[in-house]
Amino acid sequence: MRKLNPHNDDSFEFYKGVVASKRNSAQDPDYKERLENHEDTVEEQFEVYDESFADDDLVSLVNHGFANGDKDDLLRLYSYKNKKIQELKIAVTTTERNRLLSTCQNCTISEVNSFDHFVNKDEFPEFSVHPKNLFPSCSKCNSYKGQEWREHRQITYLNLYLDELPEEQYLFVNVEVIDNDVVTTEFYLDNPNGVDPALYGRIQNHYGNLHLCRRFKENADTVITALENTIRTYIGKLPLDDIVDLVIENCRRDMEYFGYNYWKSILEIALVNNDDFIEMIENS
Numbered sequence: 310m311r312k313l314n315p316h317n318d319d320s321f322e323f324y325k326g327v328v329a330s331k332r333n334s335a336q337d338p339d340y341k342e343r344l345e346n347h348e349d350t351v352e353e354q355f356e357v358y359d360e361s362f363a364d365d366d367l368v369s370l371v372n373h374g375f376a377n378g379d380k381d382d383l384l385r386l387y388s389y390k391n392k393k394i395q396e397l398k399i400a401v402t403t404t405e406r407n408r409l410l411s412t413c414q415n416c417t418i419s420e421v422n423s424f425d426h427f428v429n430k431d432e433f434p435e436f437s438v439h440p441k442n443l444f445p446s447c448s449k450c451n452s453y454k455g456q457e458w459r460e461h462r463q464i465t466y467l468n469l470y471l472d473e474l475p476e477e478q479y480l481f482v483n484v485e486v487i488d489n490d491v492v493t494t495e496f497y498l499d500n501p502n503g504v505d506p507a508l509y510g511r512i513q514n515h516y517g518n519l520h521l522c523r524r525f526k527e528n529a530d531t532v533i534t535a536l537e538n539t540i541r542t543y544i545g546k547l548p549l550d551d552i553v554d555l556v557i558e559n560c561r562r563d564m565e566y567f568g569y570n571y572w573k574s575i576l577e578i579a580l581v582n583n584d585d586f587i588e589m590i591e592n593s
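According to our numbering, the residues represented by the sequence shown are 310 to 593, in order.
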């Protein structure tokens, strides 16, 4: 899990580009005209959002109150397949190495195939296509998140455009080998390394609401199998301690790029530090 770079051009120009891409239809010949009638109000709301974003104070946003047909018109602006929206996805998922990061950073499991509206678009239809309010996501994370994004004046999810993720470890996994054959895992969160309590609380909510520890466990087998095969490849060619050191070094490199609490690396390090796991491979 890592931060992405937010849209850094004019937000309202992006909005106007999306509006320009829309067309009236025979069934709704006045759609564009209605959108134009809201332009000044939406621009004002975009300015408020941008200021709140810059101050990391989205929790204080107050919606304009668009309702009924006006609300529906604004919500219709968003379409994942829209050319401007797809251009945004490419822009914000392109890394400093000029590579596309196609994995959903809300979970680091599934492929990006949608956008999450960080500030709920049903509550704030004016931000349905605000580029800083659109975060590339997978449909599973989107479905788990639902509409709640703040509670008791606290943000309840990580905003990976804004939040500085800690280098300290907060994700852990218990590994158990049963009958020298079956590997089981149990992921959990803990804060022995002193992550800021407010940030750690948001991390707990994010992981809990998106069911990440359960989903990591469900996807652990591919990581375990790949690691087993890697170790078996080098057994007999390198001392076992050297193999373990190489695995850990590779994990550290992955964590620098994918995040210091990258679940795959956390799991691999726990596995090679588990004597029963190493013995299982040696005896197989």
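Cβ atoms here follow ideal geometry from the backbone N, Cα and C, with glycine treated the same way.
With 16 other Cβ atoms within 10 Å as the buried cut-off, status of residue i
i, result
"P315", "buried"
"Q395", "exposed"
"Q414", "buried"
CB contact flag (residue i, residue j, <8 Å)
i, j, result
"S292", "K441", "Shown here, the chain extends from 310 to 593; a query on residue 292 therefore has no answer."
"L519", "C416", "yes"
"D425", "N391", "no"
"L384", "P338", "no"
"T494", "A529", "yes"
"M310", "G517", "no"
"I575", "V581", "no"
"K537", "I487", "Reading off the sequence, residue 537 comes out as Glu, not Lys. Going by C-beta atoms, E537 is not nearer than 8 Å to I487."
"H515", "L474", "no"
"V482", "C447", "no"
"K312", "Y509", "no"
"V401", "P445", "yes"
"L386", "V428", "no"
"S419", "K380", "no"
"F436", "K393", "no"
As assigned by DSSP and simplified to three states, the class of residue i
i, result
"S423", "strand"
"P440", "helix"
"V484", "strand"
"S446", "strand"
"L580", "helix"
"F433", "coil"
"E537", "helix"
"E588", "helix"
"E473", "coil"
"R459", "strand"
"T494", "strand"
Closest residue to residue i among the options (Cα-Cα distance)
i, options, result
"R524", "W572, I540, V484 and V492", "W572"
"N570", "N502, A507 and I552", "N502"
"E358", "N346, H373, D379 and I418", "Sequence inspection shows Tyr at residue 358; the Glu mentioned does not correspond to that position. Answer by Cα proximity: H373."
"N583", "T412, I399 and E485", "E485"
Sequence-distant residues of the same chain with beta carbon closer than 8 Å to residue i, five excluded per side
i, result
"K526", "T494, E495 and F496"
"D499", "Y479 and F481"
"D267", "No statement about residue 267 is possible, as the shown extent of the chain runs from 310 to 593 and does not include it."
Cβ shell of residue i (< 7 Å), same chain only, five flanking positions each side left out
i, result
"I557", "I578 and V581"
"Y453", "N518, L519 and H520"
Close-in-space but distant-in-sequence residues of the same chain around residue i (CB under 6 Å, 5 per side omitted)
i, result
"E477", "N502 and V504"
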